[in-house]
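Residue numbers (our numbering), protein chains in the order written: chain A, 83 to 334; chain B, 51 to 646.
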């Protein structure tokens with residue numbers, strides 16, 4: 083693992099509410115860094131600000147103050163086309179509800195980011211490669227409605243990864259899956275992380291999902307409260323226990 | 051409390067409601083406008099039957115078609131309302147509201163919306179019909195006789211049809227909402243079911259569709275053979291043909307396009323996929339829109355051509371615009387203001403009822419007569435030889451036979467006679483009746499004043515021009531009104547069908563943005579997608595009209611003359627409407643949440 087940071091967030095603050103309304107501070111002074119190839123989980127109860135944080139990092143929302151640098155670039159200053167291009171080139175997203183386009187085939191869904199970037203010549207080969215590595219080769223001509231939840235999320239992963247992004251954001255990616263499908267998805271994410279060195283940032287409230295990460299950031303009332311790092315040699319089950327313990331004390 | 055809740059959600063989405071409300075109001079306004087003619091039988095009889103029976107049929111079919119369209123239209127409007135409201139209703143049910151109460155709320159809401167829109171629509175309709183009849187009066191200088199902007203039967207019909215339909219819609223909504231599972235209401239995401247048709251089926255659809263279109267076109271090109279059945283046959287075959295053609299050709303065309311490399315570029319693939327789903331789902335509405343497009347364009351084209359026809363038909367009636375017996379100095383000075391094409395001057399002597407002309411003067415100045423051809427526009431001016439006494443007598447009798455209360459007899463003899471009173475007659479032909487209308491009218495009025503009884507007085511083509519103008523003003527008015535009605539219906543149908551799909555599109559476009567699609571690309575994708583829904587019916591509609599105009603060759607001089615004027619105007623309106631809808635759609639679908 084090298085020391086280059088993919089994400090550098092400094093003093094992020096987010097205040098909701100218009101001028102005359104009562105203000106609500108969703109994030110207060112959060113700073114964090116994600117190194118290249120890292121696998122980070124953000125945990126917290128609902129309302130803790132974890133989704134707000136993800137939205138800031140993923141450029142879906144702007145912080146009230148503070149900066150977010152992704153791959154060295156200050157994304158809070160990006161606008162319009164530059165922002166759109168940056169998203170398409172540097173980031174991948176997977177969502178809890180898959181967000182596949184129901185009127186496109188799986189192959190078309192996966193190749194969408196490449197089409198958007200005008201890399202049409204690469205499409206066929208890239209889609210085949212990624213589909214093979216994610217085990218969804220046979221699904222390419224189907225439509226999302228014909229797939230199971232687990233399969234859909236794999237397709238979403240393939241779409242997120244096809245541009246070889248610096249970072250993959252996941253918002254409760256296993257939230258809508260049964261336990262078997264969830265485990266298989268998380269193992270897939272782990273494999274992507276270790277083989278392709280893609281940094282991953284997951285937001286979850288589920289300790290099982292979090293136990294696949296290398297590092298976990300606990301967030302509470304808009305502030306980072308604690309951090310856990312999985313030690314070399316520590317098994318996933320041990321790490322899981324540790325997370326549960328931490329959650330037990332953290333949520334008190 | 052529940053009513054408060056319902057009201058607050060209406061306030062929250064007032065823009066969508068405004069759209070719905072105005073659409074409904076316009077629809078009922080058009081219906082009223084249409085009914086002011088359809089239910090005014092004296093107007094119809096006066097303006098329809100006298101010219102051609104065809105008009106009566108056009109009108110009764112138009113009326114039936116409008117009712118059908120209104121039904122379809124309200125169906126779309128209602129589904130738009132449902133798609134807006136079902137989440138709210140689901141929420142109310144989830145919160146534990148009794149189904150009966152919810153049912154009452156839904157029923158009341160639909161009825162209130164409908165009744166208010168209908169009343170407002172009738173008010174707009176009265177204003178519209180006043181404006182329209184004034185417009186036609188100004189244009190033609192002749193009022194559409196017996197036309198009443200405020201017509202009680204029309205009001206009654208509009209009320210009965212609209213409130214009846216809203217009653218049905220309200221009951222339907224109530225049943226739908228109270229029977230549907232709550233979860234389905236809350237998560238009202240539509241499942242798109244798209245089945246790929248077999249090539250054989252597509253082929254069969256294509257062939258049958260084409261055959262139907264050919265039959266329709268053939269029938270319209272021979273209106274005299276099929277008489278009153280022409281329009282019925284054409285309507286049925288063309289609707290069926292259009293439907294099948296859309297089903298077969300467009301679905302397979304899109305399937306083929308999707309496989310091309312172009313489809314992989316940018317958002318093309320997305321747009322094509324959207325369209326493929328849309329077209330499969332939209333075949334019916336596209337057919338309706340095509341037919342409405344054709345009707346609207348056809349009616350407007352015929353209406354504007356009618357205007358040109360007046361001159362032509364008047365000209366066929368006589369070779370000279372006016373005949374003037376013993377012109378006064380005032381008339382002579384007025385004649386100098388005209389741009390004359392031909393002028394003839396003869397003398398005759400009047401003995402009792404006999405008007406005696408000498409043959410000699412027709413040798414020097416040959417009198418002309420109209421030689422009719424096969425169609426109305428196909429005529430020539432023919433010089434009458436002075437030896438052809440019978441033809442000369444006939445032509446002169448036309449102009450001079452009826453003079454006030456007496457019937458004159460034309461006598462043509464070899465030598466002139468000095469017995470009886472000597473008179474002079476002038477025959478003039480201008481280069482255009484409409485262009486010289488003002489002066490011609492003055493001269494004609496002076497001429498008319500020379501006689502005590504003017505009922506049967508025919509002074510020449512000008513007299514026919516005046517009569518035909520009155521007759522055609524009613525026809526033109528009807529055609530324009532039909533055209534505008536269909537255009538407005540078309541517009542609102544397109545709007546609701548497109549907009550009711552927009553809610554399902556919001557998450558799609560949001561996702562595309564999250565994936566890093568440029569704003570400009572998103573916008574152009576929306577524009578392109580909607581443009582196809584406009585262009586497809588337009589192409590087929592124009593073809594329908596081009597064949598359909600043949601129908602009117604019996605009453606219109608040349609239906610294809612200067613087609614670009616009505617087509618151009620219609621095209622502009624259509625294009626403006628496309629821009630409007632595309633902007634609205636972008637507003638709904640590309641709502642910005644972030645990065646302003």
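Backbone N, C-alpha and C define an ideal beta-carbon position, used for all residues, glycine too.
Count the other CB atoms, across all protein chains shown, that sit within 10 Å of the CB of residue i; report buried if there are 16 or more and exposed otherwise.
i, result
"residue 326 of chain A", "exposed"
"residue 240 of chain B", "Confidence at residue 240 of chain B is low in this model, with a pLDDT of 49, below 50, so the placement of that residue is unreliable and no value is reported for it."
"residue 279 of chain B", "exposed"
"residue 241 of chain A", "buried"
"residue 637 of chain B", "exposed"
"residue 134 of chain B", "buried"
"residue 84 of chain A", "The predicted model places residue 84 of chain A with a pLDDT of 47, which falls under 50 and marks its position as unreliable, so this point remains unresolved."
"residue 148 of chain B", "exposed"
"residue 319 of chain A", "exposed"
"residue 163 of chain B", "buried"
"residue 630 of chain B", "exposed"
"residue 224 of chain B", "buried"
"residue 468 of chain B", "exposed"
"residue 418 of chain B", "buried"
"residue 250 of chain B", "exposed"
Report, in whole angstroms, the separation of the C-beta atoms of residue i and residue j, which I expect to be a contact under 8 Å.
i, j, result
"residue 186 of chain A", "residue 319 of chain B", "7 Å"
"residue 184 of chain A", "residue 227 of chain A", "6 Å"
"residue 497 of chain B", "residue 372 of chain B", "7 Å"
"residue 421 of chain B", "residue 432 of chain B", "4 Å"
"residue 292 of chain B", "residue 590 of chain B", "6 Å"
"residue 572 of chain B", "residue 562 of chain B", "6 Å"
"residue 399 of chain B", "residue 465 of chain B", "So it is not a contact: roughly 11 Å between Cβ atoms."
Taking the alpha carbon of residue i as the point to measure from, which residue in the options has its own alpha carbon closest?
i, options, result
"residue 540 of chain B", "B:224, B:74 and B:64", "B:74"
"residue 229 of chain A", "A:103, A:107 and A:263", "A:263"
"residue 117 of chain A", "A:318, A:280, A:290 and A:320", "A:280"
"residue 272 of chain A", "A:121, A:94, A:128 and A:93", "A:121"
"residue 451 of chain B", "B:432, B:420, B:406 and B:495", "B:406"
"residue 138 of chain B", "B:198, B:153, B:433 and B:351", "B:153"
"residue 537 of chain B", "B:307, B:625 and B:142", "B:625"
"residue 143 of chain A", "A:232, A:103 and A:159", "A:159"
"residue 463 of chain B", "B:485, B:487 and B:438", "B:438"
"residue 343 of chain B", "B:613, B:587, B:603 and B:614", "B:587"
"residue 88 of chain A", "A:112, A:105 and A:151", "A:151"
"residue 511 of chain B", "B:499, B:491, B:220 and B:528", "B:491"
"residue 621 of chain B", "B:165, B:641, B:592 and B:543", "B:592"
"residue 141 of chain A", "A:316, A:163 and A:128", "A:163"
"residue 309 of chain B", "B:635, B:326, B:387 and B:182", "B:326"
"residue 135 of chain A", "A:86, A:249 and A:95", "A:95"
"residue 269 of chain A", "A:194, A:100, A:215 and A:245", "A:215"
"residue 535 of chain B", "B:66, B:346, B:570 and B:526", "B:346"
"residue 527 of chain B", "B:183, B:82 and B:151", "B:183"
Leaving out five residues before and five after residue i in sequence, what residues of the same chain have Cβ atoms less than 6 Å from its Cβ?
i, result
"residue 199 of chain A", "170"
"residue 555 of chain B", "639"
"residue 529 of chain B", "349, 352 and 353"
For residue i, which residues in the same chain have their Cβ closer than 7 Å to its Cβ, ignoring the five residues on either side in sequence?
i, result
"residue 391 of chain B", "479, 480 and 481"
"residue 178 of chain A", "253, 254, 255, 257 and 258"
"residue 127 of chain B", "70, 73, 74 and 546"
"residue 286 of chain A", "123, 125, 254 and 292"
"residue 627 of chain B", "541"
Beta-carbon within less than 8 Å of residue i's beta-carbon, same chain only, minus the 5 sequence neighbours each way: which residues are those?
i, result
"residue 380 of chain B", "496"
"residue 615 of chain B", "354"
"residue 416 of chain B", "433, 434, 435 and 436"
* Between the segment 564 to 577 of chain B and chain A, which residues of the former have CB atoms less than 8 Å from a CB of the latter, in chain order? -> Only 564, 565, 566, 567, 568, 569, 570 and 571 from the segment 564 to 577 of chain B bring a Cβ to less than 8 Å from some Cβ of chain A.
* To do: Name, going along the chain, the residues of the segment 316 to 348 of chain B whose beta-carbon falls closer than 8 Å to a beta-carbon of chain A.
  => Those residues of the segment 316 to 348 of chain B placed with their C-beta closer than 8 Å to a C-beta in chain A are 316, 317, 318, 319, 320, 323, 324, 326 and 327, ordered along the chain.
* **Residues, ordered as in the chain, of the segment 149 to 172 of chain A that lie near chain B by beta-carbon distance below 9 Å** => Close to chain B, meaning a Cβ-Cβ distance shorter than 9 Å, are the following residues of the segment 149 to 172 of chain A: 160, 161, 162, 163, 165, 166, 167, 168, 169, 170, 171 and 172.
* What residues from the segment 184 to 197 of chain A come within 9 Å of chain B, judged by C-beta to C-beta, listed N to C? -> Flagged, chain order: 184, 185, 186, 187, 190, 193, 194, 195, 196 and 197.
* Asked: Mind listing which residues of the segment 300 to 312 of chain B have their C-beta closer than 7 Å to chain A's C-betas, in chain order?
  -> So the list reads 311, given in the order they occur along the chain.
* Residues of the segment 542 to 562 of chain B whose Cβ lies closer than 7 Å to any Cβ of chain A, in chain order -> For the segment 542 to 562 of chain B, the beta-carbon criterion of a distance under 7 Å to any beta-carbon of chain A is satisfied by 558 and 561.
* Asked: Using Cβ-Cβ distances below 8 Å, what residues of the segment 275 to 294 of chain A are close to chain B?
  -> Within the segment 275 to 294 of chain A, no residue has its Cβ closer than 8 Å to any Cβ of chain B.
* Could you list the residues in the segment 616 to 642 of chain B with a C-beta less than 8 Å from some C-beta on chain A, going in chain order? => Here the close residues number zero.
* **Proximal residues, the segment 196 to 229 of chain A versus chain B, C-beta separation under 7 Å** => Result list: 197, 198, 200, 202, 205 and 227.
* the segment 92 to 113 of chain A: positions lying closer than 8 Å to chain B by Cβ -> The segment 92 to 113 of chain A vs chain B, Cβ under 8 Å: nothing.
* Asked: Which of the residues in the segment 318 to 332 of chain A, read from start to end, lie with their CB under 7 Å from any CB of chain B?
  -> Taking 7 Å as the Cβ-Cβ cut-off against chain B, none of the residues of the segment 318 to 332 of chain A qualify.
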